[in-house]
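One structure below.
Protein chains: 2
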Amino acid sequence: MSVTVILYDRVMTRWEPDARGRLQLAAMELYVERGFEQTTVAEIAERAGLTERTFFRHYADKREVLFFGQDELKERFVSTVAHAPDDAAPLDAVAAALHAIATDFESRRPWSQTRQTVINANPGLQERELIKLAGLSSAIAATLRDRGVDEPAASLTAEAGISVFHVAFQRWVAADNTRELAQIITESLAALRTVTANG
Amino acid sequence: MSVTVILYDRVMTRWEPDARGRLQLAAMELYVERGFEQTTVAEIAERAGLTERTFFRHYADKREVLFFGQDELKERFVSTVAHAPDDAAPLDAVAAALHAIATDFESRRPWSQTRQTVINANPGLQERELIKLAGLSSAIAATLRDRGVDEPAASLTAEAGISVFHVAFQRWVAADNTRELAQIITESLAALRTVTANG
Chain A
2 MSVTVILYDR
12 VMTRWEPDAR
22 GRLQLAAMEL
32 YVERGFEQTT
42 VAEIAERAGL
52 TERTFFRHYA
62 DKREVLFFGQ
72 DELKERFVST
82 VAHAPDDAAP
92 LDAVAAALHA
102 IATDFESRRP
112 WSQTRQTVIN
122 ANPGLQEREL
132 IKLAGLSSAI
142 AATLRDRGVD
152 EPAASLTAEA
162 GISVFHVAFQ
172 RWVAADNTRE
182 LAQIITESLA
192 ALRTVTANG
Chain B
2 MSVTVILYDR
12 VMTRWEPDAR
22 GRLQLAAMEL
32 YVERGFEQTT
42 VAEIAERAGL
52 TERTFFRHYA
62 DKREVLFFGQ
72 DELKERFVST
82 VAHAPDDAAP
92 LDAVAAALHA
102 IATDFESRRP
112 WSQTRQTVIN
122 ANPGLQEREL
132 IKLAGLSSAI
142 AATLRDRGVD
152 EPAASLTAEA
162 GISVFHVAFQ
172 RWVAADNTRE
182 LAQIITESLA
192 ALRTVTANG
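Sequence order for the protein chains is A and B.
According to my numbering, the first sequence is numbered sequentially starting from 2.
According to my numbering, the second sequence is numbered sequentially starting from 2.
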């Protein structure tokens, strides 16, 4: 099954077939076909049957197509941690956020897989992804401090949460995976607790 | 006390006052005075009393001055994990490596502080630093797998180790810190074990 078919199936039927979605789909097709570096905004707009001007109304540049939605992800993460029960342990508050996000992601696995393929092929995009994760970690640490968690516990809990997310996400997008992200996160959290348990 | 005095005191008296060290010192002075972006290789060479050609014999570019030695760091990390006792728990093997590295770093705190100031002022350098840490994490995970640790435990242990290193390092270079890196690492590892303990 081609990337187009996979993405259309998920993106075009579940999302509004709006300009943003068409541009996103066209960009991803081109990134897979030609590589990220070799694709121009003009080509993306043409493939989507739209103008470059329309592209720039939706995205600052061709990289932003891959990272669009990260503010919402951070907001979702932070607000779930912030609204955890007052007596929740810090890592349990972070785990609640991981599960909320897993639910959001589950229907978008084909998109996430294709996106990951594009990012894995480009060191500059990998750096961007790491900066995004570092920003998420800082935001979670700040939220935990607001909940009264001291340092270094706040930063270490946030980093642990991001590590679980990162490791679980890689396993979830793997070609041979058949399990849901939420299940893999639960398993990864348990594995983290095991490896950090005092011997 | 100026950066020059601090760095001379540590760099020039403890290391050989060789071309590499002079270039490193000159580069760091200029990065602090003018900013990383505003400094040219020609200026670094001039400040060091050497030629540009000599600079390029030692460093590929001005960024490498800040990241020189990372292969040795990775090798030190990996070999310490690899040579931990067979029955050492994965996180204990990583903890042994963290302590070996802490000892290496302790005498270089002024250098590390100045370097961190330069990196914190430049997003591109921060990305480079994150890529370096991600590469360290991957290398440690591979070493743990060679020791028979399964996934996701190997990756999660490696990420936990890098998180502890990262968080402890930030605390160690903080202006008001008076404690040794090894001590901060011990404390951070204990904090990680506490936040990940089953409630």
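For glycine and all other residues, C-beta sits at the position ideal for the given N, C-alpha and C.
Q. Short check: CB of A/PRO111 to CB of A/ALA154, under 8 angstroms?
A. Here residue 111 of chain A refers to the residue found at position 110 of the first sequence. Here residue 154 of chain A refers to the residue found at position 153 of the first sequence. Their beta carbons are not under 8 angstroms apart, which means A/PRO111 does not touch A/ALA154 by this criterion.
Q) Out of A/ILE120, A/ILE132, A/GLU128, A/VAL95, which has the shortest C-alpha to C-alpha gap to A/ASP72? A) Along the first sequence, one-based indexing puts residue 72 of chain A at 71. With distances taken between Cα atoms, A/ASP72 lies closest to A/ILE132.
Q. For B/HIS1, which three-state DSSP category applies?
A. Here chain B has residues from 2 to 200 only, and residue 1 of chain B is not among them.
Q: Sort B/PHE170, B/SER80, B/HIS100 by Cα distance to B/GLN117 and report the nearest one.
A: To locate residue 117 of chain B, count along the second sequence from 1; it is residue 116. Distance from the Cα of B/GLN117 is smallest, within the candidate group B/PHE170, B/SER80, B/HIS100, for B/PHE170.
Q. Considering only the beta carbon of each residue, do A/ARG129 and A/PHE68 sit closer than 8 angstroms?
A. For the purposes of this step, residue 129 of chain A is taken as residue 128 along the first sequence, with counting starting at 1. For the purposes of this step, residue 68 of chain A is taken as residue 67 along the first sequence, with counting starting at 1. In this structure, A/ARG129 sits near A/PHE68, with a CB-CB distance shorter than 8 angstroms.
Q) Counting only beta-carbon atoms, is A/THR41 nearer than 8 angstroms to chain E? A) This model lacks chain E altogether; the protein chains it does include are A and B.
Q.
With a threshold of 8 angstroms, are at least 3 pairs of Cβ atoms found where one atom belongs to the region 140-158 of chain B and the other to the region 80-95 of chain B?
A. Here the region 140-158 of chain B makes contact with the region 80-95 of chain B; the two share three or more CB pairs at distances below 8 angstroms.
Q. Around the Cβ of A/GLU160, are there at least 16 other Cβ atoms within 10 angstroms (buried) or fewer (exposed)?
A. Stepping through the first sequence from its first residue, residue 160 of chain A is reached at position 159. Buried: at least 16 other Cβ atoms inside 10 Å.
Q.
Between which two residues does the alpha helix (DSSP H) holding B/SER108 run?
A. Along the second sequence, read from residue 1 onward, the residue named residue 108 of chain B stands at position 107. No alpha helix (DSSP H) holds B/SER108; DSSP gives it neither H nor E.
Q. Who are the neighbours of B/VAL79 on chain A, taking C-beta pairs under 9 angstroms?
A. Within the second sequence, the letter at position 78 stands for residue 79 of chain B. Near B/VAL79 there are no residues of chain A at all, since even the closest Cβ is about 18 angstroms away, more than 9 angstroms.
Q: Could you tell me whether the Cβ of B/PRO153 comes closer than 8 angstroms to any Cβ of chain A?
A: Within the second sequence, numbered from 1, the residue matching residue 153 of chain B stands at position 152. At least one chain A Cβ lies under 8 angstroms of B/PRO153.
Q: Anything in chain A within Cβ reach of B/GLU73, meaning under 9 angstroms, just list it in chain order.
A: Start at 1 with the first residue of the second sequence, and residue 73 of chain B comes out as number 72. Correct list: empty, because the minimum Cβ distance to chain A is about 22 angstroms.
Q: Can you pull the chain B residues whose beta carbon is under 7 angstroms from the beta carbon of A/SER164, in chain order?
A: Locating residue 164 of chain A in the first sequence gives position 163, where the first residue counts as 1. Near A/SER164 (Cβ distances below 7 angstroms), the residues of chain B are LEU157, GLU160, ALA161, SER164.
Q.
Give me the chain B residues within the contact set of A/LEU131, using Cβ-Cβ distance strictly less than 9 angstroms, ordered along the chain.
A. The residue labelled residue 131 of chain A in the question sits at position 130 within the first sequence. Correct list: GLU128, LEU131, ILE132, LEU134, ALA135.
Q. Going along chain B in order, which residues have a C-beta closer than 7 angstroms to the C-beta of A/SER189?
A. Against the first sequence, residue 189 of chain A aligns to sequence position 188. Annotation: Cβ neighbours of A/SER189 in chain B (cutoff 7 angstroms, chain order): PRO153, LEU157.
(Q) Taking 8 angstroms as the threshold (C-beta atoms), are B/THR158 and A/VAL196 in contact? (A) For the purposes of this step, residue 196 of chain A is taken as residue 195 along the first sequence, with counting starting at 1. For the purposes of this step, residue 158 of chain B is taken as residue 157 along the second sequence, with counting starting at 1. Contact check for A/VAL196 against B/THR158 passes: the beta carbons are separated by less than 8 angstroms.
Q: Tell me whether A/PHE57 is buried or exposed, calling it buried when 16 or more other Cβ atoms sit within 10 Å of its Cβ.
A: As a working note, residue 57 of chain A is residue 56 in the first sequence. Exposed: under 16 other Cβ atoms inside 10 Å.
Q) Going by Cα to Cα distance, which pick from B/THR52, B/VAL174, B/TYR60, B/GLY162 is closest to B/ALA101? A) The sequence position of residue 101 of chain B within the second sequence is 100, counting from 1. Taking only the C-alpha atoms, the option nearest B/ALA101 is B/GLY162.
Q) Is A/PHE37 near A/ASN121, with beta carbons less than 8 angstroms apart? A) Against the first sequence, residue 37 of chain A aligns to sequence position 36. Against the first sequence, residue 121 of chain A aligns to sequence position 120. No, Cβ-Cβ distance for A/PHE37 and A/ASN121 is not below 8 angstroms.
**Q.** Within 8 angstroms of chain A by C-beta, residues of the region 90-121 of chain B in sequence order
**A.** Cβ contacts with chain A: ALA90, PRO91, LEU92, ASP93.
(Q) What would DSSP say about A/HIS84, mapped onto helix, strand or coil? (A) Numbered from its first residue, the first sequence carries residue 84 of chain A at position 83. Correct three-state label for A/HIS84: coil.
Q: Answer yes or no: does any C-beta atom of chain B fall closer than 8 angstroms to that of A/LEU193?
A: Taking the first sequence and counting its residues from 1, the one referred to as residue 193 of chain A is at position 192. At least one chain B Cβ lies under 8 angstroms of A/LEU193.
Q. Is there at least one Cβ from chain B nearer than 8 angstroms to A/ARG21's Cβ?
A. By one-based count along the first sequence, residue 21 of chain A stands at place 20. When Cβ-Cβ separations below 8 angstroms define contact, A/ARG21 makes no contact with chain B.
Q | Alpha carbon of A/GLU44 to alpha carbon of B/GLN127, nearest angstrom | A | Here residue 44 of chain A refers to the residue found at position 43 of the first sequence. Here residue 127 of chain B refers to the residue found at position 126 of the second sequence. Between the alpha carbons of A/GLU44 and B/GLN127 lies a gap of roughly 32 angstroms.
Q) Can you give, in chain order, each stretch of the alpha helix (DSSP H) that sits fully within the region 120-188 of chain B and has at least 4 residues? A) Correct list: 124-147, 154-174.
Q: In angstroms with no decimal places, state the Cα-to-Cα distance between A/ASP88 and A/ALA94.
A: What you label residue 88 of chain A is simply residue 87 of the first sequence in a count that begins at 1. What you label residue 94 of chain A is simply residue 93 of the first sequence in a count that begins at 1. Looking at the two C-alpha atoms, the distance is approximately 9 angstroms.
Q. Given that a residue counts as buried once 16 or more other Cβ atoms are within 10 Å of its Cβ, and exposed if not, what is B/ARG180?
A. One-based indexing of the second sequence puts residue 180 of chain B at position 179. So B/ARG180 ends up on the exposed side.
Q: Return the Cβ separation of A/ALA27 and A/ARG54 in integer angstroms, given the expectation that the two are a contact with Cβ distance under 8 angstroms.
A: One-based indexing of the first sequence puts residue 27 of chain A at position 26. One-based indexing of the first sequence puts residue 54 of chain A at position 53. That belief does not hold up - the Cβ atoms of A/ALA27 and A/ARG54 are roughly 15 angstroms apart, past 8 angstroms.
Q | Between the CA atoms of A/ALA183 and A/TRP16 - distance to the nearest angstrom | A | For this step, residue 16 of chain A is matched to residue 15 along the first sequence. For this step, residue 183 of chain A is matched to residue 182 along the first sequence. In this prediction, A/TRP16 scores a pLDDT of 42, lower than 50, which makes its location untrustworthy; the coordinate-derived value is nonetheless stated afterwards. One C-alpha to the other measures close to 22 angstroms.
Q: Would you please verify whether the beta carbon of B/VAL66 is less than 8 angstroms from any beta carbon of chain A?
A: The residue given as residue 66 of chain B occupies position 65 in the second sequence. Not closer than 8 angstroms to any Cβ of chain A, the Cβ of B/VAL66 fails to qualify, so no.
Q: Rounded to whole angstroms, what's the CA-CA distance from B/GLY125 to B/LEU134? Just pull it up for me.
A: Position 124 of the second sequence holds residue 125 of chain B. Position 133 of the second sequence holds residue 134 of chain B. Their Cα atoms are separated by approximately 14 angstroms.
Q | Residues near B/VAL6 by beta carbon distance below 8 angstroms, same chain, minus five either side | A | Residue 6 of chain B sits at position 5 when you count from the first residue of the second sequence. Note on B/VAL6: pLDDT 46, under 50, position unreliable in the model; the coordinate value appears next. Hits under 8 angstroms: none found.
Q: Look up B/SER113 in the DSSP assignment and say whether it is helix, strand or coil.
A: Sequence index remark: in the second sequence, residue 113 of chain B carries index 112 (1-based). Helix, per DSSP.
Q) For A/TYR60, which of helix, strand or coil comes out of DSSP? A) Position 59 of the first sequence, counting from 1, holds the residue named residue 60 of chain A. If DSSP states are grouped into helix, strand and coil, A/TYR60 belongs with coil.
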